[in-house]
Every structure is written in structure tokens, then in C-alpha cells.
Amino acid sequence: DAGITQSPRHKVTETGTPVTLRCHQTENHRYMYWYRQDPGHGLRLIHYSYGVKDTDKGEVSDGYSVSRSKTEDFLLTLESATSSQTSVYFCAISEARGDTQYFGPGTRLTVL
Amino acid sequence: AQTVTQSQPEMSVQEAETVTLSCTYDTSESDYYLFWYKQPPSRQMILVIRQEAYKQQNATENRFSVNFQKAAKSFSLKISDSQLGDAAMYFCAYSSYSGGGADGLTFGKGTHLIIQP
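Residue numbers (the numbering used here), protein chains in the order written: chain A, 43 to 154; chain B, 859 to 975.
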């Protein structure tokens, strides 16, 4: 299994609170991704990174920001959490563009 | 933008039988990958099989095989000799490595596979 960890695994927070989710990889893969999974929607891309300090938006990026200061870490920040951001968040990594993506275990976030 | 459609929200099959999950996609690109991922109740996303669009030969992995029809933009997954451990959500996904759009996978909404003992 690819070495991908996510922290925290579960979080409950209140509306308006800032939240940061962390993805850490030990594979030295160039590409990292954040997805959210909601019932009836499958997984949708939030943001992705194609190198240190190189990031871009995905399909559902509003309300989210990301940072990547090291190859191994990719952070997802909700500046002011809303109830619509209650979801399961997955991090994924890949060696090259379009290539197979390997997923972390997911973080369940509940915004009250 | 690419789209992926899984028309079967739920499928049921008897243990040891064969089942086929459907997936169609829409794209204007010629270079891409297609994937099937499995998500058991543990929530972990597990790669089942991958197909490169430039390859005419259908990918196989043990009991799992695909029927890739590029012209029809169809990518179905066949599971032979179904086992109880195959029960899961199955997602079809698309990625491009040559287009100008955003990187990342485009997923279908999933098919819930039930295995009847």
C-alpha cells in the first residue's frame, strides 16, 4: 500500500471555525490531490498540486485553500467552515499527470 | 469537461456468479486512462483495474476484467466468480494526461454491489 496518511481522521467543528486537514506521503510522488465525497456525488476534485508551491483549482474549490511547502505534505484549509462542507475528504497521490492515483484513508469532517 | 456515467445505482449477484458493471464517459480527448476503484465499508478507495486508452487489449486482473469500447466510450467491469469480499461501492473514473483541463480524476456516482450468499 502507498504510504499516505491523513490527519485528523475525524473532526467535528462549528460553523465559522477555521479547519486544516493534513495529507502526508512517504512515496515522493509529485502530484497530490484533495477530493470530497458526498452521497450521490461520487468523489469531486477540490484542489491539486503538481509540485512544491504549485497548486491549482479543481471542480469544487470555493471555500477551500491549499498549500504545499514540502513534497510530502499537502494541506487543505477551510477558512471559515460551513455546514455544506460536512463531508468525507480524501487525499490522493500520483507519480505523473493522469496516472494511477492512490488514496489515503479519508477524514470525516462534520460542521455543526 | 469530461463526464462519467454509471447507470446502475445498485446491482445484486449470487456468490460465485458473474456480474458486469456499466460505465460510459464523454470526452473529446484521445489520450486518457480509465479506472475502476472499489470502496468497501471501511471507506478505503482501492484500485481494481486500469486501462490505457491507446491499448486495444482489455485489461485483466485475476477475476476482474474490462470491456473497453473506445468508439462507444464504454468501459464496463466484469467480476467473475463473485465473492462475499467483493461487496462494495464501485466507482468508474477518468483521467487525462494530455488535455488542457484540470488534473485529477473525474468519477461516476458509483454502483453499490451486493453479493448474495
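Note that beta-carbon positions come from the ideal geometry of N, C-alpha and C, so glycine has one too. Owing to the predicted nature of the structure, the values given are computational and were not obtained by experimental measurement.
Look at the beta carbons and you see the region 53-73 of chain A touching the region 133-149 of chain A: at least three pairs across the two are nearer than 8 Å. Contacts with chain B at 8 Å (Cβ-Cβ) include tyrosine 75 of chain A. For glycine 45 of chain A, no chain B residue has a Cβ inside 8 Å of its Cβ, as the nearest lies near 14 Å away. In chain order, Tyr75, Leu87, Tyr90 and Gly100 make up the part of chain A whose C-beta sits under 7 Å from the C-beta of glycine 962 of chain B. Take the alpha-carbon of leucine 935 of chain B and the one of isoleucine 46 of chain A: they are about 27 Å apart.
Contact note: glutamine 143 of chain A reaches chain B through Leu963, using a C-beta cutoff of 7 Å and chain order. About 5 Å separates the CB atoms of phenylalanine 933 of chain B and leucine 892 of chain B; that is less than 8 Å, so the two are in contact. For isoleucine 88 of chain A, the number of other beta carbons within 10 angstroms of its own is at least 16, and it is reported as buried. Around arginine 139 of chain A, the beta-carbon contacts reaching into chain B at under 7 Å are Tyr955 and Asp961.
Annotation note: the region 893-939 of chain B contains the following uninterrupted beta strand (DSSP E) runs of length 3 or greater, listed N- to C-terminal: 904-910, 922-927 and 932-937. Annotation: the continuous beta strand (DSSP E) that includes glycine 93 of chain A extends over 84-93.
Neighbours of proline 60 of chain A in chain B, taken as residues at a C-beta separation under 8 Å, are lacking, since the least C-beta distance is about 25 Å. In this structure, the beta-carbon distance from serine 880 of chain B to serine 865 of chain B falls below 8 Å. Burial state of glutamine 872 of chain B is exposed, judged by a 10 Å Cβ sphere holding fewer than 16 other Cβ atoms. Residue-level contact by beta carbon holds for glycine 82 of chain A and chain B, with a gap shorter than 8 Å. Using beta-carbon distances, phenylalanine 933 of chain B does not count as an interface residue toward chain A, since no partner is under 8 Å.
Valine 153 of chain A has a beta carbon lying at 8 Å or more from every beta carbon in chain B. At least 8 Å separates the CB of proline 50 of chain A from every CB of chain B. Leaving aside the five residues that flank threonine 113 of chain A on each side, the residues in its chain whose CB is nearer than 7 Å to its CB run, in chain order, Asn70 and Val94. The three-state reading of DSSP puts serine 125 of chain A in helix, counting H, G and I together. When DSSP states are grouped into helix, strand and coil, aspartate 961 of chain B belongs to the coil group. DSSP places aspartate 104 of chain A outside both helix and strand once states are collapsed to three, so it counts as coil.
Taken through DSSP and simplified to helix, strand or coil, leucine 942 of chain B comes out as helix. Spanning the alpha carbons of serine 954 of chain B and proline 867 of chain B requires a straight line of approximately 25 Å.
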